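J.: Protein chains in written order, with this note's numbering: chain A, 1 to 190; chain B, 191 to 380; chain C, 381 to 570; chain D, 571 to 760.
Each residue gets a CB set at the ideal place from its N, CA and C atoms; glycine is no exception.
Just so you know, these numbers come straight off a predicted model, no measurement behind them.
4 protein chains.
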Amino acid sequence: MNPEKRADIMQATLELIAEHGFHGAPMSLIAERAGVGAGTIYRYFASKDVLINELFLELDEKIKAQILKGYSTARPIRERFLHLSCGLFGYFVEFPLHFRYVEQFHNSPYGAARRRSKILGEAGQDDVFKSLFADGLQQRAMKELPVLSLCSLAFGPMFSAIRDHILGFIELTPSLIAQLAEACWDGVKR
Amino acid sequence: MNPEKRADIMQATLELIAEHGFHGAPMSLIAERAGVGAGTIYRYFASKDVLINELFLELDEKIKAQILKGYSTARPIRERFLHLSCGLFGYFVEFPLHFRYVEQFHNSPYGAARRRSKILGEAGQDDVFKSLFADGLQQRAMKELPVLSLCSLAFGPMFSAIRDHILGFIELTPSLIAQLAEACWDGVKR
Amino acid sequence: MNPEKRADIMQATLELIAEHGFHGAPMSLIAERAGVGAGTIYRYFASKDVLINELFLELDEKIKAQILKGYSTARPIRERFLHLSCGLFGYFVEFPLHFRYVEQFHNSPYGAARRRSKILGEAGQDDVFKSLFADGLQQRAMKELPVLSLCSLAFGPMFSAIRDHILGFIELTPSLIAQLAEACWDGVKR
Amino acid sequence: MNPEKRADIMQATLELIAEHGFHGAPMSLIAERAGVGAGTIYRYFASKDVLINELFLELDEKIKAQILKGYSTARPIRERFLHLSCGLFGYFVEFPLHFRYVEQFHNSPYGAARRRSKILGEAGQDDVFKSLFADGLQQRAMKELPVLSLCSLAFGPMFSAIRDHILGFIELTPSLIAQLAEACWDGVKR
DNA sequence: GATGAATGAGCGTTCATTCAT
DNA sequence: GATGAATGAACGCTCATTCAT
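1) Taking the alpha-carbon of alanine 717 of chain D as reference, which of C:Phe513, C:Val527 and C:Glu551 has the nearest alpha-carbon?
2) Which class does lysine 510 of chain C belong to by DSSP, given the choice of helix, strand or coil?
3) When you compare the CB positions of leucine 14 of chain A and leucine 55 of chain A, do they come within less than 8 Å of one another, or not?
4) How is the alpha helix (DSSP H) around asparagine 623 of chain D delimited, first residue to last?
5) Between the beta-carbon of isoleucine 231 of chain B and the beta-carbon of alanine 215 of chain B, is there less than 8 Å?
6) Name, in chain order, the residues that DSSP records as bridge partners for aspartate 759 of chain D.
7) So what's alanine 34 of chain A in DSSP terms, helix, strand or just coil?
8) Identify whether methionine 597 of chain D lies in helix, strand or coil by the three-state DSSP scheme.
9) Looking at C-beta atoms only, is the number of pairs between the region 460–472 of chain C and the region 415–433 of chain C that lie closer than 8 Å three or more?
10) With a threshold of 16 other CB atoms inside 10 Å of the CB of cysteine 184 of chain A, please say whether the residue is buried or exposed.
11) Determine the extent of the alpha helix (DSSP H) in which alanine 264 of chain B is found, giving its start and end residues.
12) Taking 8 Å as the CB-CB cut-off, is glutamine 709 of chain D touching chain C?
13) Are at least three pairs of beta-carbons, each pair with one atom in the region 88–95 of chain A and one in the region 60–75 of chain A, less than 8 Å apart?
14) Just by C-beta distance, which residues in the region 735–753 of chain D are closer than 8 Å to chain C?
15) Measure the alpha-carbon distance for alanine 683 of chain D versus aspartate 566 of chain C and round it to whole angstroms.
16) Under 8 Å between beta-carbons, which chain A residues line up against glycine 377 of chain B? List them in chain order, please.
17) Could you please tell me which residues of the region 664–679 of chain D, in chain order, have their CB closer than 9 Å to any CB of chain C?
18) With distance defined between alpha-carbon atoms, name the residue in A:Glu19, A:Leu153 and A:Ser149 nearest to proline 299 of chain B.
19) If we count the other Cβ atoms within 10 Å of its Cβ and call it buried at 16 or more, is proline 554 of chain C buried or exposed?
20) Which of the three DSSP states, helix, strand or coil, is assigned to alanine 183 of chain A?
21) With H, G and I counted as helix, E and B as strand and the rest as coil, what does DSSP make of glycine 726 of chain D?
22) Considering Cα atoms alone, identify which of A:Asp135, A:Phe45, A:Gly111 and A:Ala178 is closest to serine 72 of chain A.
23) Residues of chain D with CB closer than 7 Å to the CB of proline 526 of chain C, please, in chain order.
24) Less than 8 Å between the beta carbons of leucine 556 of chain C and proline 537 of chain C, yes or no?
25) Assuming arginine 265 of chain B contacts arginine 330 of chain B (C-beta within less than 8 Å), just tell me the rounded distance between them.
26) Could you list which residues in chain C have their beta carbon closer than 9 Å to that of serine 598 of chain D, in chain order?
27) Starting from the C-beta of leucine 439 of chain C, find all residues in its chain whose C-beta is less than 8 Å away, skip the five residues before and the five after it, and write them out in chain order.
28) Consult DSSP for serine 275 of chain B and reduce its assignment to one of helix, strand or coil.
29) Quick test of your reading: serine 152 of chain A and alanine 351 of chain B, contact by CB under 8 Å. State the CB separation rounded to the nearest angstrom.
30) Can you pull the chain B neighbours of serine 47 of chain A, defined as C-beta to C-beta under 7 Å?
31) Secondary structure at phenylalanine 295 of chain B, three-state DSSP: helix, strand or coil?
32) For lysine 713 of chain D and methionine 381 of chain C, what's the separation of their Cα atoms in angstroms?
33) Along chain D, in chain order, which residues have C-beta atoms closer than 9 Å to that of serine 511 of chain C?
34) Report the rounded CA-to-CA distance for phenylalanine 105 of chain A versus histidine 403 of chain C, giving the unit in angstroms.
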């Protein structure tokens with residue numbers, strides 16, 4: 001089992017699905033772009049479903065690792081919020097393909113199942129966002145709304161803005177990112 | 191032609207795509223659910239593409255018609271904003287399949303093309319939202335951000351919240367809707 | 381039963397098949413061009429097969445009637461030959477669609493069956509050509525070859541030339557027609 | 571790829587189309603007769619169109635190669651003419667399916683396009699027949715007619731006779747072939 | 001372990017024919 | 001008698017997956 005090959009397959013899958021959607025990513029094309037035989041993919045992933053899900057998990061990990069750099073739950077709520085917001089903005093501006101993939105993934109049978117299971121799982125454990133809002137609520141720093149609704153207020157605009165950025169309709173400069181993060185804070189803060 | 195049959199086909203398409211995505215809606219299944227023969231669909235729609243696009247346009251019309259009821263550009267910005275926000279919330283809570291369909295549509299080659307052309311087209315003409323934000327900017331009632339970014343701040347949270355509602359994670363009561371609309375206003379207002 | 385409608389259907393079939401081949405002539409298009417309902421065709425012809433065959437027979441009759449005008453078996457062989465040759469040339473130059481249809485017909489399962497049955501049937505009875513060659517043989521005016529081979533020598537070049545004319549590669553002027561008919565005579569004459 | 575499989579597919583296509591026409595040769599039947607899966611055909615040929623065209627080209631090559639054996643433009647016109655004529659006769663008598671296929675091909679949208687382009691292209695270059703007639707005209711050995719008309723006089727009877735032979739109406743013995751070739755020469759010679 | 005040729009179920013679509021009006 | 005909407009079998013083609021090499 002060559003881990004480089006595994007990575008090549010994932011990269012090819014990422015690119016093809018991010019750029020052309022699930023329709024534009026048949027296994028044969030993934031194999032070709034990854035520089036491996038079609039059958040080889042099945043030595044690393046039991047099926048296309050598994051490949052797609054594992055790729056999502058890997059991206060999820062990378063994103064989490066990135067935005068948690070320098071993050072401390074000991075800081076004030078507002079600061080924590082801006083840290084996470086700007087971190088996400090920065091990450092997706094740097095890796096637009098990751099954003100496109102995650103978006104496509106969530107809008108598919110795969111993502112639906114995951115979303116459901118994740119949300120119904122134990123919160124706080126692996127979800128920095130929810131614990132941030134839970135803390136915010138407890139400290140009476142945020143509006144008294146369901147945690148999920150605070151998530152929507154905080155990240156809904158972000159994803160929308162990143163989409164516009166990737167499509168070329170706006171340019172997410174550091175300055176605009178900061179303004180948007182502030183505006184989102186205005187939305188959630190008490 | 192029989193307009194009822196046309197409606198049946200559209201309804202079957204709406205349900206299947208909203209519930210199972212484009213992958214889960216082969217023409218054979220649409221025909222079966224609509225209670226017509228497979229070939230019959232092609233008497234009403236030249237191709238699957240056309241069917242999907244026409245269904246989107248029909249939903250788009252219905253949504254627009256619904257939220258523009260009682261809407262007046264003569265009212266204060268904040269009121270106009272809340273009118274449209276709550277209107278959309280209400281519509282999608284009432285017709286969750288429409289929301290799911292529109293969402294799937296935008297996340298597909300069909301929607302991508304549409305999105306691009308619409309955004310690059312002349313704004314304000316057929317887009318009540320953009321003209322609302324343009325007015326808001328002019329009256330210095332809103333943050334000085336690109337119109338598209340104001341859109342993101344206003345509607346990003348909404349779509350996210352509706353998704354959560356449809357998936358059963360939160361319940362969008364009239365009271366919660368009002369709170370969320372207010373919070374969005376906090377996000378865009380100066 | 382309206383005989384005009386029957387003629388319209390036949391004319392539409394003739395045009396569509398002559399111009400676009402069997403593939404380009406679905407029943408729906410025939411009906412449309414004939415200005416009748418699709419189901420109406422089936423009141424005049426039991427099936428598409430029947431329609432195609434009856435159209436062939438009708439054209440066959442017309443052609444025969446035309447070239448037999450002024451034809452007399454009492455004239456010398458050479459004269460009879462040139463009469464029929466030039467008659468056919470003239471007919472098909474005047475009605476190129478008929479030629480195209482007959483050609484398409486012969487090159488199809490329909491035509492194959494007919495060809496077989498006609499040729500194996502009693503010769504001389506309804507076939508002026510064969511009796512011409514039989515007479516020619518008897519009078520020792522023609523090469524001693526099977527009657528069918530004489531047919532080939534006489535009419536093979538003609539069909540080929542008419543095809544070239546219809547495709548626009550040559551122009552079958554009366555003068556050229558006469559020359560070709562003479563050349564064909566050179567081929568069959570003793 | 572397996573060249574045997576490619577050959578099997580071509581052979582199956584040849585047989586089905588030669589015997590039953592294009593209508594009687596769906597891809598599924600070709601696959602079945604070739605002893606391969608339906609999808610396999612598409613590994614060797616991009617589409618049915620391509621398959622049909624490549625098969626024609628292959629047959630065309632074989633035919634040309636066969637009749638050019640021992641052919642020399644240095645020989646007298648008459649000899650050259652008889653060489654080509656008898657060569658074609660012999661080839662098609664030996665490979666009747668090839669004849670049927672080529673005939674079907676020319677009588678179809680595929681062949682129409684080819685015919686047009688070939689004829690309008692530069693003559694003499696890849697067309698031994700036309701250069702033969704051009705030489706014949708120059709040497710005043712042939713009738714003063716358009717080259718295409720000479721082609722018709724020479725090959726029209728041949729194709730007709732071969733058809734009759736394949737259908738079983740006559741038997742093309744070497745002797746009859748020689749007689750027919752001579753008769754055709756009578757048709758074109760000055 | 002790696003390959004890629006082979007597979008066949010399933011796709012979107014067409015069209016000869018039927019039958020309620 | 002005439003219609004044309006409705007049908008569904010059959011088409012050309014794709015692609016996730018398998019397996020002999």
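T.: Let's see:
1) Along the fourth sequence, one-based indexing puts residue 717 of chain D at 147. It is valine, not alanine, that sits at residue 717 of chain D in the sequence shown. Checked all of C:Phe513, C:Val527 and C:Glu551; the closest Cα to valine 717 of chain D is C:Glu551.
2) By 1-based counting over the third sequence, the position of residue 510 of chain C is 130. Here lysine 510 of chain C sits in helix by DSSP.
3) Counting from one through the first sequence, the residue named residue 14 of chain A turns up at place 14. Counting from one through the first sequence, the residue named residue 55 of chain A turns up at place 55. In contact: leucine 14 of chain A and leucine 55 of chain A (Cβ atoms closer than 8 Å).
4) As a working mapping, residue 623 of chain D is identified with position 53 in the fourth sequence. Start and end: 618–637.
5) If you number the second sequence from 1, residue 231 of chain B lands on position 41. If you number the second sequence from 1, residue 215 of chain B lands on position 25. Their beta carbons are not under 8 Å apart, which means isoleucine 231 of chain B does not touch alanine 215 of chain B by this criterion.
6) For the purposes of this step, residue 759 of chain D is taken as the residue at position 189 of the fourth sequence. Here residue 759 of chain D turns out to be lysine, not aspartate, going by the sequence shown. Per DSSP, D:Met712.
7) Reading the first sequence from its first residue, position 34 is the one you call residue 34 of chain A. Alanine 34 of chain A falls in the helix class under three-state DSSP.
8) Against the fourth sequence, residue 597 of chain D aligns to sequence position 27. DSSP places methionine 597 of chain D in helix when its eight states are reduced to three.
9) no
10) Here residue 184 of chain A corresponds to residue number 184 of the first sequence, with the count starting at 1. The residue is buried, with at least 16 neighbouring Cβ atoms inside 10 Å.
11) Translated into positions along the second sequence, residue 264 of chain B becomes position 74. Counting along the chain, alanine 264 of chain B falls outside any alpha helix (DSSP H), and DSSP gives it neither H nor E.
12) The residue you call residue 709 of chain D lines up with position 139 of the fourth sequence. By this cut-off, glutamine 709 of chain D is not an interface position.
13) yes
14) Leu737, Phe739, Ile740, Leu746, Gln749, Leu750 and Ala753
15) The residue labelled residue 683 of chain D in the question sits at position 113 within the fourth sequence. The residue labelled residue 566 of chain C in the question sits at position 186 within the third sequence. Rounded to the nearest angstrom, the two C-alpha atoms are 33 Å apart.
16) Translated into the one-based positions of the second sequence, residue 377 of chain B becomes position 187. Leu153, Pro157, Ala183, Cys184, Asp186 and Gly187, listed in chain order.
17) Glu673, Gln674, His676, Asn677, Ser678 and Pro679
18) Position 109 of the second sequence holds residue 299 of chain B. Looking at the Cα atoms, A:Glu19 is the closest of the given residues.
19) Reading the third sequence from its first residue, position 174 is the one you call residue 554 of chain C. Looking at its Cβ environment, which holds fewer than 16 other Cβ atoms inside 10 Å, proline 554 of chain C is exposed.
20) For the purposes of this step, residue 183 of chain A is taken as residue 183 along the first sequence, with counting starting at 1. Reduced to three states, the DSSP call for alanine 183 of chain A is helix.
21) Working through the fourth sequence from its first residue, we reach residue 726 of chain D at position 156. Three-state result, glycine 726 of chain D: helix.
22) Start at 1 with the first residue of the first sequence, and residue 72 of chain A comes out as number 72. The residue with the shortest Cα to Cα distance from serine 72 of chain A is A:Asp135.
23) In the third sequence, the residue the question calls residue 526 of chain C occupies position 146. Chain D residues near proline 526 of chain C: Ile740.
24) Residue 556 of chain C sits at position 176 when you count from the first residue of the third sequence. Residue 537 of chain C sits at position 157 when you count from the first residue of the third sequence. The answer is no: Cβ separation not under 8 Å.
25) As a working note, residue 265 of chain B is residue 75 in the second sequence. As a working note, residue 330 of chain B is residue 140 in the second sequence. With 8 Å as the limit, arginine 265 of chain B and arginine 330 of chain B do not qualify as a contact, their Cβ atoms being about 17 Å apart.
26) Numbered from 1 along the fourth sequence, position 28 holds the residue referred to as residue 598 of chain D. Going along chain C, no residue has its Cβ under 9 Å from serine 598 of chain D, so there is no contact; the nearest lies around 18 Å.
27) Here residue 439 of chain C is taken as the residue at index 59 of the third sequence, counted from 1. Answer for leucine 439 of chain C: Leu394, His478, Tyr481 and Val482, listed in chain order.
28) Your numbering for residue 275 of chain B matches position 85 in the second sequence. Serine 275 of chain B: helix per DSSP, three-state reduction.
29) Counting from one through the first sequence, the residue named residue 152 of chain A turns up at place 152. Counting from one through the second sequence, the residue named residue 351 of chain B turns up at place 161. 4 Å between Cβ atoms; contact.
30) Residue mapping note: residue 47 of chain A aligns to position 47 of the first sequence, counting from 1. Within chain B, no residue comes near serine 47 of chain A; the closest Cβ sits about 15 Å away, beyond 7 Å.
31) Here the question's residue 295 of chain B lines up with position 105 in the second sequence. Helix.
32) By 1-based counting over the fourth sequence, the position of residue 713 of chain D is 143. By 1-based counting over the third sequence, the position of residue 381 of chain C is 1. Approximately 55 Å between the Cα atoms of the pair.
33) On the third sequence, position 131 is the one that residue 511 of chain C refers to. None at all; the shortest Cβ gap to chain D is about 17 Å.
34) In the first sequence, counting from the first residue as 1, residue 105 of chain A sits at position 105. In the third sequence, counting from the first residue as 1, residue 403 of chain C sits at position 23. Rounded to whole angstroms, phenylalanine 105 of chain A to histidine 403 of chain C spans 43 Å at the Cα level.
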